[in-house]
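One structure is given below, encoded as structure tokens.
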Amino acid sequence: MVAGCSGAGALGAEPGVQTVTVAIVSNPQMEDAITLAPQFEAENPGIRLRFVSLSENEARAKITASVATGGGEFDAVMISNYETPQWAQNGWLTDLQPRIDATPGYDGNDFIPTVRDSLSYQGHMYSVPFYGESSFLMYRTDLFAQAGLTMPANPTWQQVADLAAKLTDRPQGRAGICLRGKPGWGEMMAPFNTVVNTFGGRWYDPQWRAQLTSPQFEQATQFYVDLVKAYGEPGAAQAGFSECGTQFGQGNAAMWYDSTSAAGTVENPDESTVVGKVGFVPAPVVATPTSGWLYTWSLAIPKTTPRPDAAWKFMSWMTSKQYMQRVGNQLGWTSVPPGSRLSTYQIPQYQQAAAAFGPTVLNAISQAKPQQPTVDPVPYQGVQFLRIPEFQDLGTRVSQQISAAIAGQKTVQQALEQSQEYATTVGESYQ
Numbered sequence: 001m002v003a004g005c006s007g008a009g010a011l012g013a014e015p016g017v018q019t020v021t022v023a024i025v026s027n028p029q030m031e032d033a034i035t036l037a038p039q040f041e042a043e044n045p046g047i048r049l050r051f052v053s054l055s056e057n058e059a060r061a062k063i064t065a066s067v068a069t070g071g072g073e074f075d076a077v078m079i080s081n082y083e084t085p086q087w088a089q090n091g092w093l094t095d096l097q098p099r100i101d102a103t104p105g106y107d108g109n110d111f112i113p114t115v116r117d118s119l120s121y122q123g124h125m126y127s128v129p130f131y132g133e134s135s136f137l138m139y140r141t142d143l144f145a146q147a148g149l150t151m152p153a154n155p156t157w158q159q160v161a162d163l164a165a166k167l168t169d170r171p172q173g174r175a176g177i178c179l180r181g182k183p184g185w186g187e188m189m190a191p192f193n194t195v196v197n198t199f200g201g202r203w204y205d206p207q208w209r210a211q212l213t214s215p216q217f218e219q220a221t222q223f224y225v226d227l228v229k230a231y232g233e234p235g236a237a238q239a240g241f242s243e244c245g246t247q248f249g250q251g252n253a254a255m256w257y258d259s260t261s262a263a264g265t266v267e268n269p270d271e272s273t274v275v276g277k278v279g280f281v282p283a284p285v286v287a288t289p290t291s292g293w294l295y296t297w298s299l300a301i302p303k304t305t306p307r308p309d310a311a312w313k314f315m316s317w318m319t320s321k322q323y324m325q326r327v328g329n330q331l332g333w334t335s336v337p338p339g340s341r342l343s344t345y346q347i348p349q350y351q352q353a354a355a356a357f358g359p360t361v362l363n364a365i366s367q368a369k370p371q372q373p374t375v376d377p378v379p380y381q382g383v384q385f386l387r388i389p390e391f392q393d394l395g396t397r398v399s400q401q402i403s404a405a406i407a408g409q410k411t412v413q414q415a416l417e418q419s420q421e422y423a424t425t426v427g428e429s430y431q
């Protein structure tokens, strides 16, 4: 979907007007930005915006292809903390630090430190966060009360499994828990990896030897597969973030472990039947103190653009403190992009709107440990992904194996033996 805010600008017909082409992910908060963009154009008459709005998988593929080859069709691109440091190292992105420091009132120090660090290379930011997320456990407070159950303030995975067993009600069409089983490095791998980490599993030892058949990795995988098979949603092997969101929002699951970005949806009466009946606690743990992931959608300027100043003008508008106020005042406070700026959590109206989940989200993002995701040392960074270029392919291949185990097409051992072979091939290139 291509959204041009102004027809004439898109044709480049107006003299002295620059058209900035922005590749953006078509998630709700980004659609809000497109809605508000004419206000930016009104305040900046020399700039026209042209949005290329894509689904997540499509955006990753198209933006990667364009930036890697120096295609030059985009002046600003939406990427994440997975790509940013790698692409900065490759020399594909513009160093934004001088612009951040020179823009009055922009306040780069207001970004949540873990988010800022994840978008930096050699101490300089190469993309700026639009929103950030971690992971947490959502649960139905009404169902817990009816069953006489209490959710611990910091649950372990074993406690979660025990609660799921008690809350599953197949005749009523209710799962004890929703967990992603849909293949994809950004789909099932995200929650699954946090479980592996907290069980003490790891993909590689410091010598880049694959560890997917280690006792800890196998135990974590068996636990995840057993939990979703016994107490999870129907058709779990094809359920991703949006499918679980629908199940939970329609009241068909007692718990859901997933992205903190889900909070706004489950608390939105237009999309959810469980508004006001949901509690939020940190990501469950086993052997690590925390296990929430860290992800941020952010905006970067490819080195190839001839319009870096105009691109920065828009990007700094869309990621500013003032933008948060604009969204809150015009579109509602639950629509404010979460997880990027500390100051967002100081806005009284936002504190009120996000009272149920705001503090839990901020804590989860602040406590994420991409440098030390599991118990033992690892040669990579990242919680729900490995920050290596091969992980898009490797993570997807491994997720297909585990999804097949969830579907009952193979055993966990068979799935991991095949996965170990894939991981060994990648590891050898780093040895």
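According to the working numbering, the sequence shown is numbered sequentially starting from 1. Idealized CB from N, CA, C, for every residue including glycine.
Per DSSP, the unbroken alpha helix (DSSP H) holding Leu331 starts and ends at 321 to 331. Between Tyr139 and Met255, the CB-CB gap stays under 7 Å.
Residue burial is scored here from C-beta neighbours: Glu421 has fewer than 16 other C-beta atoms within 10 angstroms and is therefore classed as exposed. In the structure shown, Ser120 adopts extended strand secondary structure according to DSSP, grouped into three states. If you compare the alpha carbons of Thr21, Gly16, Gln29 with that of Val327, the shortest gap goes to Gln29. With a cutoff of 7 Å on beta-carbon distance, Thr84 and Ser127 are scored as near each other. In this structure Pro171 is exposed. Its beta-carbon is surrounded by fewer than 16 other beta-carbon atoms within 10 angstroms. Looking from the CA of Val77, the closest CA among Gln39, Thr21, Tyr345, Trp157 belongs to Thr21. With fewer than 16 other CB atoms across the displayed protein chains lying within 10 angstroms of its CB, Gln89 is exposed. Restricting attention to Arg307, Pro234, Asn268, the CA atom closest to the CA of Leu331 is found in Asn268.
In the three-state DSSP reduction, Thr344 falls in the helix class (H, G or I). Assigned with DSSP and collapsed to three states, Pro284 falls in coil, not helix or strand.
When only Cα atoms are considered, Val274 and Ala161 end up about 22 Å apart. Contact between Thr221 and Ile402 holds, with the beta-carbon distance rounding to 6 Å and staying under 8 Å. Inter-residue distance for Gln158 and Met188 is about 20 Å (C-alpha atoms, whole angstroms). Apart from the 5 residues on each side of it in sequence, Trp317 sits with its Cβ closer than 7 Å to the Cβ of Phe40, Tyr323 in its chain, given in chain order. For Met138, the enclosing beta strand (DSSP E) has its first and last residue at 135 to 140.
Distance from the CA of Asn197 to the CA of Gln346, rounded to the nearest whole angstrom, comes to 32 Å. DSSP places Thr35 in the uninterrupted alpha helix (DSSP H) bounded by 28 to 43.
Ala37 is a Cβ neighbour of Leu49, given a cutoff of 7 Å.
Counting along the chain, Ile79 sits inside the beta strand (DSSP E) bounded by residues 76 to 80. Distance between Gly181 and Glu43, taken at the CA atoms: about 45 Å.
Between the C-alpha atoms of Ala230 and Leu163 there is a straight-line separation of about 12 Å.
With 16 or more other CB atoms across the displayed protein chains lying within 10 angstroms of its CB, Tyr106 is buried. Between Gly264 and Thr334, the CB-CB gap stays under 7 Å. Beta-bridge partners assigned by DSSP to Gln18: Ile47. Under the DSSP definition of a beta bridge, Arg174 partners with Asp169. Residue environment for Ser298: buried (at least 16 other C-beta atoms within 10 angstroms of its C-beta). In terms of Cβ geometry, Leu137 and Val281 form a close pair [threshold 7 Å]. For Thr296, the uninterrupted beta strand (DSSP E) segment begins and ends at 295 to 300.
If the five residues before and after Lys313 are omitted, its C-beta is found closer than 7 Å to the C-beta atoms of Asn44, Ile47, all from its own chain and listed in chain order. Taking Leu362 as reference, the option from Thr344, Leu416, Glu58, Val412 with the minimal CA-CA separation is Thr344. Our two residues, Glu31 and Ser340, have alpha carbons roughly 17 Å apart in a direct line. Distance from the CA atom of Glu428 to the CA atom of Trp208, rounded to whole angstroms, is 7 Å. Nearest to Pro389 by C-alpha distance, out of Asn81, Arg174, Lys410, is Asn81.
Minimum Cα-Cα distance from Ser399 among the listed residues Pro289, Pro284, Ala415, Val266 corresponds to Ala415.
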